[in-house]
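Asks: Mapped onto our numbering, the consecutive letters of the sequence shown carry residue numbers 41 to 391.
Even for Gly, the Cβ is constructed at its ideal location relative to N, Cα and C.
Got a structure here, written out as structure tokens. Questions coming.
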Amino acid sequence: MSKRKSNPRSGSNSGASTANIPVRPRHDLVVRPRRNRRTKAIRDLVRETRLDAGNLILPLFVMEGKNKRHAIKSMPGQSRLTLDHIISTAKEAVDLGIPALALFPVLGDDKKDQRATESTNPDGLLQETIAALKAKVPDIAVIADVAMDPYSSDGHDGLVIGDEIVNDETLEILAAMAVAQARAGADIVAPSDMMDGRVRAIRQALDAAGFADVGILSYAAKYASAFYGPFREALDSAPRSGDKKTYQMDPANRREALREVLLDVQEGADIVMVKPAGAYLDIIQAVRAKVHVPVAAYQVSGEYAMIKAAAERGWIDETRIVEESVLAIRRAGADMILTYFALDLAKRLMR
Ligand code: PBG
Numbered sequence: 041m042s043k044r045k046s047n048p049r050s051g052s053n054s055g056a057s058t059a060n061i062p063v064r065p066r067h068d069l070v071v072r073p074r075r076n077r078r079t080k081a082i083r084d085l086v087r088e089t090r091l092d093a094g095n096l097i098l099p100l101f102v103m104e105g106k107n108k109r110h111a112i113k114s115m116p117g118q119s120r121l122t123l124d125h126i127i128s129t130a131k132e133a134v135d136l137g138i139p140a141l142a143l144f145p146v147l148g149d150d151k152k153d154q155r156a157t158e159s160t161n162p163d164g165l166l167q168e169t170i171a172a173l174k175a176k177v178p179d180i181a182v183i184a185d186v187a188m189d190p191y192s193s194d195g196h197d198g199l200v201i202g203d204e205i206v207n208d209e210t211l212e213i214l215a216a217m218a219v220a221q222a223r224a225g226a227d228i229v230a231p232s233d234m235m236d237g238r239v240r241a242i243r244q245a246l247d248a249a250g251f252a253d254v255g256i257l258s259y260a261a262k263y264a265s266a267f268y269g270p271f272r273e274a275l276d277s278a279p280r281s282g283d284k285k286t287y288q289m290d291p292a293n294r295r296e297a298l299r300e301v302l303l304d305v306q307e308g309a310d311i312v313m314v315k316p317a318g319a320y321l322d323i324i325q326a327v328r329a330k331v332h333v334p335v336a337a338y339q340v341s342g343e344y345a346m347i348k349a350a351a352e353r354g355w356i357d358e359t360r361i362v363e364e365s366v367l368a369i370r371r372a373g374a375d376m377i378l379t380y381f382a383l384d385l386a387k388r389l390m391r
């Protein structure tokens, strides 16, 4: 915004030398969109999209142990946290107006096996964390990720038999995992695996176990994306062989995203997610137009890492880029956004 007050109609950016020369407006220029951008007050008035801490979900990585933080190299500013730090971070999030967090467990190789059996252990890391959060920070909604990869010795989201990721056998494992999380107190379970039929299988299992009130946020349109790289480092969960292209979606496809989303809604999803977010704004917009359930979007680890890396080098202004990137995801139609910037952003929005 120009500091020069003498002639706000002027379209000129020139300095003092022309400041006193009266500018005669062109009479044929009647429609001037710039009128709505003249001052900060007017810009606030006409703003179409607003960011609010209430739209943010904070993803957190939990690990075993006490009073420890392990920095994640490829995600500067993010750490794997032990339970005590998870609790204090959750309290901070509540105080900033963030309504929910999404939990991902980091397990040692000794806890991983082919069938992800640790995922249903009632005393397992994730279950213990959920229970502690519900007891100590009851005001935050806990979203638990349902997928085999953190627990799987194969690093896949489904059961590996031979060189195949088998669908239907995986459903039973996912359903049992979701019930274990619900029993520990999860408010919402979030299947991120992309197996066919998992939302229905999980819904039926939850209802049968007496958890009809536990919601399902489905990673409905989840792409086979290189943007997940840093997350897999954080969890040490990269596939041991092959890739995830037989279950996660081809980045080239848009209609297929709508098919996936509509199926998940039909199967009982309460919220549907598009992931990643920044490179998939067209998908968010298309999904928003098609469904009547809330739409979530995940600004994933690679999106976070790219912003952090460029900002560290002084090539971009981190504060402004974070706000702009999350605002764009909102504008595309996401009701809620999972972002590793949630705490930073909420702090800024409070001021
Ligand atoms: C896997 C899962 C992934 C993420 C969330 N859940 C990675 C994957 O699909 O390989 C990625 C999140 C991120 O990159 O921030 N169940």
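Does the Cβ-Cβ distance between I26 and Q339 come in under 9 angstroms?
Replies: Because the chain is modelled from 41 through 391, residue 26 falls outside the range shown and cannot be assessed.
Asks: Whether or not the segment 80 to 93 and the segment 117 to 130 are in contact is what I'm after, with contact meaning three or more pairs of Cβ atoms, one per stretch, closer than 8 angstroms; do they touch?
Replies: Fewer than three beta-carbon pairs drawn from the segment 117 to 130 and the segment 80 to 93 are found closer than 8 angstroms, and the two stretches are therefore not classed as touching.
Asks: Under 8 angstroms: does the beta carbon of G342 sit that close to some heavy atom of the ligand PBG?
Replies: Here residue 342 is taken as the residue at index 302 of the sequence shown, counted from 1. Yes - the ligand PBG has a heavy atom lying nearer than 8 angstroms to the Cβ of G342.
Asks: In this structure, how does DSSP classify Q339 when only helix, strand and coil are distinguished?
Replies: Indexing the sequence shown from 1 puts residue 339 at position 299. In the structure shown, Q339 sits in a strand (DSSP, three-state: E or B).
Asks: According to DSSP, simplified to helix, strand and coil, what is P159?
Replies: To locate residue 159, count along the sequence shown from 1; it is residue 119. Reading the sequence as shown, one finds Ser at residue 159 and not Pro. Residue state, collapsed to three classes: helix.
Asks: At which residues does the beta strand (DSSP E) containing R109 begin and terminate?
Replies: The residue labelled residue 109 in the question sits at position 69 within the sequence shown. Segment R109 to A111, the beta strand (DSSP E) holding R109.
Asks: Would you decide whether T160 is buried or exposed? Buried here means 16 or more other CB atoms lie within 10 Å of its CB.
Replies: Taking the sequence shown and counting its residues from 1, the one referred to as residue 160 is at position 120. Buried, because 16 or more other Cβ atoms sit within 10 Å of the Cβ of T160.
Asks: Would A215 and A245 qualify as a contact pair, given that the criterion is a beta-carbon distance under 9 angstroms?
Replies: Working through the sequence shown from its first residue, we reach residue 215 at position 175. Working through the sequence shown from its first residue, we reach residue 245 at position 205. Contact: yes.
Asks: Label R238 either buried or exposed according to how many other C-beta atoms from any shown protein chain fall within 10 Å of its C-beta, with 16 as the threshold for buried.
Replies: As a first step, residue 238 is located in the sequence shown; it is residue number 198 there, counting from the start. So R238 ends up on the buried side.
Asks: Is it buried or exposed, S281, if we count other Cβ atoms within 10 angstroms and call 16 or more buried?
Replies: Mapped onto the sequence shown, residue 281 falls at position 241. Answer is exposed; the Cβ neighbour count stays below 16.
Asks: Determine the extent of the alpha helix (DSSP H) in which I211 is found, giving its start and end residues.
Replies: In the sequence shown, residue 211 corresponds to position 171, counting from 1. In the sequence as displayed, the identity of residue 211 is Leu instead of Ile. Per DSSP, L211 belongs to the alpha helix (DSSP H) from N207 to A224.
Asks: Whole angstroms are fine: how far does the CA of D150 sit from the CA of A329?
Replies: Your numbering for residue 329 matches position 289 in the sequence shown. Your numbering for residue 150 matches position 110 in the sequence shown. About 45 angstroms.
Asks: Between the alpha carbons of L389 and D84, how many angstroms are there, rounded?
Replies: By one-based count along the sequence shown, residue 389 stands at place 349. By one-based count along the sequence shown, residue 84 stands at place 44. Spanning the two alpha carbons is a distance of roughly 14 angstroms.
Asks: Of the choices N95, V71 and R74, whose alpha-carbon is the least far from that of V366?
Replies: Within the sequence shown, residue 366 is the residue found at index 326, counting from 1. Here the closest residue by C-alpha is N95.
Asks: Are the CB atoms of L173 and V146 within a distance shorter than 9 angstroms?
Replies: Here residue 146 corresponds to residue number 106 of the sequence shown, with the count starting at 1. Here residue 173 corresponds to residue number 133 of the sequence shown, with the count starting at 1. No, they are not a contact pair.
Asks: Considering A230, what are the terminal residues of the beta strand (DSSP E) in which it resides?
Replies: Looking up residue 230 in the sequence shown gives position 190. First-last of the beta strand (DSSP E) with A230: I228 to P231.
Asks: Please report the straight-line C-alpha distance between F381 and V71, rounded to a whole angstrom.
Replies: Working through the sequence shown from its first residue, we reach residue 381 at position 341. Working through the sequence shown from its first residue, we reach residue 71 at position 31. One C-alpha to the other measures close to 39 angstroms.
Asks: What separation, rounded to the nearest whole angstrom, lies between the Cα atoms of A181 and A350?
Replies: For the purposes of this step, residue 181 is taken as residue 141 along the sequence shown, with counting starting at 1. For the purposes of this step, residue 350 is taken as residue 310 along the sequence shown, with counting starting at 1. Answer to the nearest angstrom: the Cα atoms are 33 angstroms apart.
Asks: For Q154, which residues of its own chain have a beta-carbon under 8 angstroms away from its beta-carbon, when the five flanking residues on both sides are left out?
Replies: Position 114 of the sequence shown, counted from the start, is the residue given in the question as residue 154. Closer than 8 angstroms at Cβ, skipping near neighbours: S192, S193, D194, L199 and V200.
Asks: For F267, which of helix, strand or coil comes out of DSSP?
Replies: Working through the sequence shown from its first residue, we reach residue 267 at position 227. It is helical.
Asks: Within 10 angstroms of its Cβ, does P65 collect 16 or more other Cβ (buried), or is it exposed?
Replies: As a position in the sequence shown, residue 65 is number 25, starting the count at 1. It is exposed - the Cβ of P65 has fewer than 16 other Cβ atoms within 10 Å.
Asks: Looking only at its chain, what residues have a beta carbon closer than 7 angstroms to the beta carbon of T157, apart from the 5 residues adjacent to it on each side?
Replies: Looking up residue 157 in the sequence shown gives position 117. There are no such residues.
Asks: Alpha carbon to alpha carbon, how far is D253 from A184?
Replies: By one-based count along the sequence shown, residue 253 stands at place 213. By one-based count along the sequence shown, residue 184 stands at place 144. In a straight line, the C-alpha of D253 is about 15 angstroms away from that of A184.
Asks: Could you pull out every residue in the same chain whose Cβ sits closer than 8 angstroms to the Cβ of R109, ignoring the five residues on either side in sequence?
Replies: As a position in the sequence shown, residue 109 is number 69, starting the count at 1. S119, R120, L121, T122 and H125.
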